[in-house]
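In order, the protein sequences belong to chains A and B.
Under this note's numbering, the first residue of the first sequence carries the number 471, and numbering increases by one thereafter.
Under this note's numbering, the first residue of the second sequence carries the number 471, and numbering increases by one thereafter.
Glycine included, every Cβ here is placed at the ideal spot set by N, Cα and C.
There are 2 protein chains.
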Amino acid sequence: MDFNNNELVEKITKIIIQKLQEEKEVLIPIGISNRHIHLCEEDFKILFGKDKSLSKLKDLKQPGQYAANECVTIKGPKGELKKVRILGPLRNETQIEISVSDGFKLGVNPPIKESGNLKDTPGIEIIGPKGKVTKEKGVICALRHIHMSPSDAKKMNVCDKDIVNVEIDGIRKAILGNVLVRVSENFKLEMHLDMDEANSCLIKNNDLVKIVENR
Amino acid sequence: MDFNNNELVEKITKIIIQKLQEEKEVLIPIGISNRHIHLCEEDFKILFGKDKSLSKLKDLKQPGQYAANECVTIKGPKGELKKVRILGPLRNETQIEISVSDGFKLGVNPPIKESGNLKDTPGIEIIGPKGKVTKEKGVICALRHIHMSPSDAKKMNVCDKDIVNVEIDGIRKAILGNVLVRVSENFKLEMHLDMDEANSCLIKNNDLVKIVENR
Chain A
471 MDFNNNELVE
481 KITKIIIQKL
491 QEEKEVLIPI
501 GISNRHIHLC
511 EEDFKILFGK
521 DKSLSKLKDL
531 KQPGQYAANE
541 CVTIKGPKGE
551 LKKVRILGPL
561 RNETQIEISV
571 SDGFKLGVNP
581 PIKESGNLKD
591 TPGIEIIGPK
601 GKVTKEKGVI
611 CALRHIHMSP
621 SDAKKMNVCD
631 KDIVNVEIDG
641 IRKAILGNVL
651 VRVSENFKLE
661 MHLDMDEANS
671 CLIKNNDLVK
681 IVENR
Chain B
471 MDFNNNELVE
481 KITKIIIQKL
491 QEEKEVLIPI
501 GISNRHIHLC
511 EEDFKILFGK
521 DKSLSKLKDL
531 KQPGQYAANE
541 CVTIKGPKGE
551 LKKVRILGPL
561 RNETQIEISV
571 SDGFKLGVNP
581 PIKESGNLKD
591 TPGIEIIGPK
601 GKVTKEKGVI
611 CALRHIHMSP
621 SDAKKMNVCD
631 KDIVNVEIDG
641 IRKAILGNVL
651 VRVSENFKLE
661 MHLDMDEANS
671 CLIKNNDLVK
681 IVENR
């Protein structure tokens, strides 16, 4: 090899720097979602009483979103889950997000869905300290997804609603497919997985993953 | 393009044949393992009494292996799990196989390990109808693995103890890495996953998966 070939050295250097930059850019922190519920105002008032307001326990990573102090019990045909935390603020529609294993315990079989898409979803009974609500629909298993800002999206060369693959390292390494990209000025970079997904890959909050090419 | 270029034609033909052969690849049925326990004779006698024998509920897919009628409770520092099924026949050493989520409930943090390798594993209390045993070690989360015969191994071009990647299709599609291949005349073709892994990929017993190349 001719080590005096400046053009070649320059080319290699450029490729290496580019690869290193790519490595730096694409790392996405994981946020693990335990089962939780988003309530509409009407349901909240029935469950907790007319004069009660949702109160903040702690902020979540996505701006404006928070874990509330208030919890409910959800009850399906086969069993119930207590202490299901409400995430605030209140929404236009009540939505219950559980894992596939939660579904087996409750006796419901929710589809894997994007948040907000409640068509053809099973219902459930919600029990609060002041009342009960029987929902006809609203239970989903969340589709794996990544929240990111437009600037993150640009760096990773993806667009809102893209479906990507994500590589997870470690003894239970995996490439997860069908991961939905959501882009908004309001989003902070974070990939959401549920407890089944996190445990199956032995992944913890804030572990780093990256988008990889389709095979 | 020069269609008289024999070398090129030969090369393309070879690639097409290779691809067609790959398509024929062997599909591997999934067997989902719920938490279970293998007992040594000494522990079995303490838990169930000197005169009791392990009795078969049903055969498992791997020849000679069976689910027993007998179950135990396992108890860790944080909680217990009842009705943990014994898999027979009795073994030389007691081994408890749980999922990562089971580990959280029990308050133990077992390593991801190949069956039979109990070095540096946490212990647990086992409770039977006639007595208790406190194990100093023996709890593992099973390493993903595939059982196969030498003839299956030949078809798939893998050897005993190879580590492969396995592709799972569907809405929660994934490529799982670090999958151990175990080859024996006594084995029937089957990939074992635990409940966390099955639920995270929305996979059921007897669903079919395949070995894919390393990226």
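Contiguous beta strand (DSSP E) elements confined to the stretch 531-613 of chain B occur at 536-545, 550-558, 565-567, 594-597, 602-605 and 609-612, taking only those with 3 or more residues. B/Leu650 places its beta carbon 8 Å or farther from that of B/Pro499. One Cα belongs to B/Glu606, the other to B/Pro592, and the distance between them is close to 7 Å. At least 8 Å separates the beta-carbon of B/Asn587 from that of B/Cys510. Under the DSSP definition of a beta bridge, A/Arg652 partners with A/His617. Taking 8 Å as the CB threshold, A/Ser585 stays off the interface with chain B.
Going by DSSP, A/Lys528 is part of the beta strand (DSSP E) stretching over Lys526 to Asp529. In this structure, A/Asn648 and B/Lys643 form a Cβ contact; the two beta carbons are roughly 6 Å apart against a cut-off of 8 Å. At the C-beta level, B/Leu576 and B/Gly598 stay beyond 8 Å of one another. Here B/Gly546 is buried. Its C-beta has 16 or more other C-beta atoms within 10 Å. When CB distances to chain B are screened at a threshold of 9 Å, the residues of the stretch 653-667 of chain A falling below it are Leu663, Asp664, Met665, Asp666 and Glu667, in chain order.
Annotation: the continuous beta strand (DSSP E) that includes B/Ser503 extends over Ile498 to Ser503.
Put simply, the CB of B/Ile641 is near chain A, with a gap under 8 Å to one of its CB atoms. Here B/Asn669 is buried, its C-beta having at least 16 other C-beta atoms within 10 Å. Within 7 Å of the CB of B/Gly647, the CB atoms of chain A belong to Lys643 and Ala644, in sequence order along the chain.
For B/Asn669, the enclosing alpha helix (DSSP H) starts and ends at Met665 to Ser670.
In this structure A/Pro620 is not in contact with A/Glu660, their Cβ atoms being roughly 15 Å apart against a cut-off of 8 Å. Taking the beta carbon of B/Asn675 as reference, no residue of chain A falls within 9 Å; the closest one sits roughly 14 Å away. Taking all protein chains shown into account, A/Thr564 has 16 or more neighbouring C-beta atoms within 10 Å of its C-beta and is therefore buried. In the three-state reduction of the DSSP assignment, B/Val682 falls in the strand class, which pools E and B.
Listed as beta-bridge partners of A/Val634 by DSSP are A/Val649. Between the alpha carbons of A/Asp666 and B/Val634 lies a gap of roughly 22 Å.
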